[in-house]
Amino acid sequence: MTYEQIVDMVRKVFENADARTVYEHVAIQVNVVGEGEGIFYFEVADRQCCIEPYDYYDRDGLIITDAQTLRDLCSKKVTMSESLRDGTMKYDGDYRKLKLCLANIKLAYL
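Every number in the numbering used here is 14 more than the matching position in the sequence shown, counting from 1.
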């Protein structure tokens, strides 16, 4: 899977997600390691989710994971909470903002 395919896959799931109950701005950069290596960011602004293939320097947090974990997340095989717990996804940053997203964003799975 290429970097562009990963971004497109994640974009389909997250940009159609329901973030109507998230009233704060949240920006989380995602670093993909291994296959399809690259960087993109996830942002909630004006209660809508956005995925863009760029660095986000003034971010609230940073996720490090691989393409397989993102595939599993996008196809509803695992949740983000499970991936964080089992170590296939690592997070560094403002945990309050991460918890806000985990509790309030309803994903539009593939």
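Every residue gets a Cβ at the ideal spot worked out from N, C-alpha and C, and that includes glycine.
Endpoints, alpha helix (DSSP H) assigned at residue i
i    : result
A117 : Y109 to N118
M94  : M94 to D100
Length of the line joining the Cα atoms of residue i and residue j
i    : j    : result
T35  : D108 : 19 Å
T16  : S95  : 25 Å
Y70  : V24  : 17 Å
R125 : T93  : Given that the chain is displayed from residue 15 to residue 124, the structure contains no residue 125 and the question cannot be resolved.
L121 : G48  : 25 Å
Which listed residue (the options) has its alpha carbon closest to that of residue i
i   : options                 : result
Y21 : A41, A31, Q43 and F54   : For the sequence presented, residue 21 should be read as Val rather than Tyr. Cα-wise, what sits closest to V21 is F54.
R61 : N30, Q82, S89 and Y68   : N30
G50 : Y123, V27, I78 and L98  : I78
D80 : R73, E66, Y105 and C115 : Y105
Inset, instruction - Tell me the start and end of each unbroken beta strand (DSSP E) in the stretch 21–91 that is at least 3 residues and wholly inside, in chain order. - result: 40–47, 52–59, 62–66 and 75–80
Inset, instruction - Specify whether the stretch 111–122 and the stretch 35–52 touch according to this definition: at least 3 beta carbon pairs, one from each stretch, less than 8 Å apart. - result: yes
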